[in-house]
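Numbering (the numbering used here), first residue to last: 361 to 538. Ideal placement from N, C-alpha and C gives every residue a C-beta, glycine not left out. Read through the structure below, which is laid out as structure tokens, and then see the notes.
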Amino acid sequence: MKNPFWKYTFMTAATMAVGVLLLNVTLHLFGKNPFRESEFMFMPIYFGLLVLGLFRYRREIMRGYLEGWRAISFSLFANFVAIILYCGLLYGFLRTVPKALERHQIEVDAYNTILQKEAEAHKEESPKISELFIEATKNNDRITPAGMAVDKFIKMGVIGFVIAMVAGLFMMKRKPEN
């Protein structure tokens, strides 16, 4: 790749995607569900790796200075590529290690059972809400690797957009006016 902007953008994106996947794999290996309480633990890692990529680009290519538009565009492109790479890697991980998704499905099913019991217990107090909860628990489909990848794509797209904007603004540095 001849253009250093794209080279550093793709390197940063690949690092971000692998970093977040390694967090999920590590949580799975320690017996935690990476899709439940610790679902948003990726944000500091994501931000840190993006800032590191921006810092390297600013130092090695831009000679210590980075305009705001270039920093934000770098961050947004890196975010978009990282999300696509991460979702592909996550899909591959979940297809290879189905126990990670089974653990999450068991927790979701247990939550739905509790929700259904509570809805039936409070049916007399609020019948419409109870019926909605009971209907929602009946329509619970199985979670698939593709469904989880799409879910992560949407969540990381929204959160990553904000992180990319903040990181781009944080790392910009103008040349001094002469």
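A straight-line Cα-Cα distance of about 35 Å links Y368 and H464.
At the C-beta level, A442 and Y417 stay beyond 9 Å of one another. Here the C-alpha atom of F395 lies approximately 24 Å from the C-alpha atom of E478. Boundaries of the alpha helix (DSSP H) harbouring S433: G428 to T456, taken from the DSSP string. Taking C-alpha positions only, L492 is separated from P404 by approximately 37 Å. In the structure shown, K483 falls within a coil segment according to DSSP collapsed to helix, strand and coil.
Counting only runs that start and end inside the stretch 390 to 430, the alpha helix (DSSP H) elements of at least 4 residues fall at 402 to 420. A distance of 9 Å or more separates the beta carbons of Y425 and M508. Close CB contacts of G379 within its chain, under the 6 Å cut and outside five residues either way in sequence, are with I405 and L409 (chain order). Out of N363, K483 and C447, the CA that lies nearest to the CA of K512 is found in C447.
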